[in-house]
Every structure is written in C-alpha cells, then in structure tokens.
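Chemist: Can you keep this structure in mind? I'll have questions shortly.
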Amino acid sequence: MSRGKLLQIKRKINATQSLKKITKAMEMVSTARIKKVEKRLQMAREFLNETKRITARVHFEVKHPFVTGEGKKALVVIGTDMGLCGSFPTEIAKKAIYLDKKENFDQLYIVGAKIAPIFRSNPKVVRIYEHVYETPTFDFTKTLINDLLANGVGTVKVVYGKFKNKLAQIPDVYVLTPIKVEEGSKEEPFEKGDRYEFEPTEESFQNALVEFYASSVLYALAFETKISELYARQNAMRNATENAEEVVRLLTIEYNKARQASITQELIEIVTGADALKEE
C-alpha cells in the first residue's frame with residue numbers, strides 16, 4: 001500500500017478524534033445546562049400548580065373564547081431553536097403534521113427555528129417564533145396567548161416535547177382550551193357578595209385569570225420541551241462520541257494493517273532485488 005493511502009487513513013483518524021472532542025464538549029455543556037433548567041422547570045411546575053389551585057376556586061361565568069371554545073381551532077407546536085439533538089425536533093414536527101391532518105386546524109403557530117422550515121410553506125401558519133425561548137420566559141407565552149386571541153382562536157391544542165425520563169423524550173399533545181377547571185378541589189371557592197371584592201370588576205378579573213392560566217400552562221410546556229431538548233442533545237452527543245471512538249478504533253486497525261502490508265511489501269522488494277543481484 002502506498003504512503004499516500006497511509007496518510008489518508010491517518011488524516012481520517014485525526015479528523016475523527018477532533019470531532020470526538022467537539023461532541024464530548026457539547027455533551028458536557030448540555031449536562032451543565034440541564035442542572036440549571038431542571039431547577040427552573042421545577043419552579044415553573046410549582047407556579048402552574050398554584051395557578052391551577054387558584055383557578056379551581058373560581059366559578060367562571062364569562063364568555064371568554066378560552067372558556068367557551070368558540071372561535072377558530074389552532075395548533076401550537078413547540079419545537080427547538082437548535083439542532084444536534086437527534087430526531088427530537090423531527091418527531092415533534094411529525095406529530096404536529098399528523099394531528100393537523102386528523103383534526104384539520106384553522107391556524108398553526110410554530111415555535112422554534114429548527115422546525116420552522118418544515119412548516120414555512122404551510123398556508124395555515126399564522127406566525128413562526130424563532131430564537132425566542134432559549135430560556136423560556138413568561139413574557140413570551142403571554143405574547144403567544146395575545147396573538148391567539150387577536151386572531152379569534154377559541155380552541156387550542158399544543159404539541160410539545162414531553163420529558164418522560166433521561167433516555168426518553170416523546171412528542172405529546174396538551175389540550176389547552178377550552179379550559180376545564182379541575183373538580184374535587186377542597187379549597188373554598190370564591191363567592192359573590194360582600195365577602196370578596198373584585199377589582200377592577202369580576203368579569204375583568206375572570207378574563208385576566210383565564211389568560212394568565214393559559215400563559216402559565218404554555219410556560220410550563222415550554223420548559224418541558226427545553227429540558228427534553230437538552231437531554232436529547234446530551235444523549236445524541238454521547239452516542240456520537242461513542243461512535244467516534246469506534247471509528248477511530250477501526251481506522252487504527254486499518255492503518256496498522258496497511259502499514260504492516262507496506263513494510264512487508266518493501267521487504268519483499270528488497271529481498272527480490274538482492275536475489276536478482278546474486279543471480280547476476
């Protein structure tokens with residue numbers, strides 16, 4: 001085998017080793033970010049539970065579209081802004097496309113730059129939010145809720161990344177509206193009369209609470225998707241690192257075999273040349 005072939009294999013080994021360092025570094029970055037986001041996810045869940053507790057004490061009598069469900073049907077798809085997390089974003093997009101074909105939504109709202117190209121040509125898409133929730137914020141979810149209301153939406157479903165465990169992150173569907181207040185709460189309900197005073201008015205209070213509740217749910221779902229994305233990226237980078245190690249091992253074996261074959265060939269040529277000289 002020529003020295004050029006040996007050099008080519010050596011370059012592949014070096015390139016793969018460099019790639020392994022990158023994937024290992026990205027895995028470590030994801031691990032560090034997971035710890036921070038997990039704390040905030042827990043806070044978001046507690047925030048949502050408290051909002052649900054308050055909402056369960058209110059007997060809604062307003063004709064808010066999120067309560068009645070009257071209006072257009074919308075699907076909110078919460079994806080990812082970054083890639084290198086395996087098939088996670090693609091699976092969310094596939095789930096959303098399947099659900100849209102099944103239920104025929106009037107409008108689509110897409111969150112995440114990574115899944116945006118898949119839906120960009122879809123005529124149902126009202127708005128695409130890109131690079132807006134690297135770390136989910138309540139302001140963003142309020143903006144999304146305001147956009148839904150401004151476009152006459154009453155029924156909303158959300159496709160997001162559900163965090164099942166460290167090794168499994170799956171797309172799931174959440175029915176956001178019409179809002180169904182959980183029954184069976186032992187909390188004393190808010191009552192009309194002189195016992196409670198609503199400011200500004202009871203109707204305004206209930207409308208604001210409905211929108212606050214919807215924003216809180218989206219806030220928690222965005223964090224759920226973010227932690228799923230980070231774990232998916234951690235797993236993808238770990239697998240890539242392991243694959244790179246295996247490729248280096250196989251290339252090293254190939255390199256050693258090629259080098260040995262080259263040395264053997266050179267020895268054969270030397271011995272053959274020596275024998276030829278003796279014959280002369």
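All residue numbers for the sequence shown refer to the UniProt record's numbering, where the first residue is 1 and numbers rise by one.
For glycine and all other residues, C-beta sits at the position ideal for the given N, C-alpha and C.
Here the structure is a predicted model, which means the values were calculated and not measured.
Nearest to residue 206 by alpha carbon, out of 130, 35, 269 and 63?
Modeler: Minimum Cα distance to residue 206 is reached at 63.
Chemist: Kindly list the residues whose CB is nearer than 8 Å to the CB of residue 151, restricted to its own chain and excluding five residues on each side of it in sequence; keep chain order.
Modeler: Contacts found: 72, 74, 107 and 126.
Chemist: Using a Cβ-Cβ cut-off of 8 Å (strictly less than) and excluding sequence neighbours within five positions of residue 244, which residues of its own chain qualify?
Modeler: Within the same chain, residue 244 has close Cβ partners 16, 17, 19, 20 and 23.
Chemist: Which residue marks the beginning of the beta strand (DSSP E) containing residue 163, and which one marks its end?
Modeler: That run of the beta strand (DSSP E) goes 153 to 165.
Chemist: May I ask which residues mark the beginning and end of the beta strand (DSSP E) holding residue 75?
Modeler: Looking at the DSSP string, the run of the beta strand (DSSP E) that includes residue 75 is 72 to 78.
Chemist: Take residue 105 and list the residues in its own chain whose beta-carbon comes closer than 7 Å to its own, dropping the five residues that flank it on each side.
Modeler: If we look at residue 105 and ignore the five residues flanking it on each side, its Cβ neighbours are 73, 74, 75 and 124.
Chemist: In the structure shown, what three-state DSSP assignment does residue 50 receive?
Modeler: In this structure, residue 50 counts as helix in the three-state DSSP scheme.
Chemist: Is residue 177 helix, strand or coil when you go by DSSP?
Modeler: Note: residue 177 maps to strand in three-state DSSP.
Chemist: Give the DSSP bridge partners of residue 128, in chain order.
Modeler: The partner list for residue 128 (beta bridge, DSSP) reads 110.
Chemist: Quick check on DSSP: helix, strand or coil for residue 170?
Modeler: Of the three classes helix, strand and coil, the one that applies to residue 170 here is strand, per DSSP.
Chemist: Are the CB atoms of residue 136 and residue 222 nearer to each other than 8 Å?
Modeler: Yes, they are a contact pair.
Chemist: Are residue 154 and residue 103 close, meaning C-beta to C-beta below 8 Å?
Modeler: The answer is no: Cβ separation not under 8 Å.
Chemist: Give the straight-line distance between the Cα atoms of residue 81 and residue 128, rounded to the nearest whole angstrom.
Modeler: Answer to the nearest angstrom: the Cα atoms are 11 Å apart.
Chemist: Is DSSP giving residue 253 helix, strand or coil here?
Modeler: In the structure shown, residue 253 sits in a helix (DSSP, three-state: H, G or I).
Chemist: Could you give the distance in angstroms between the alpha-carbon of residue 168 and the alpha-carbon of residue 232?
Modeler: One C-alpha to the other measures close to 8 Å.
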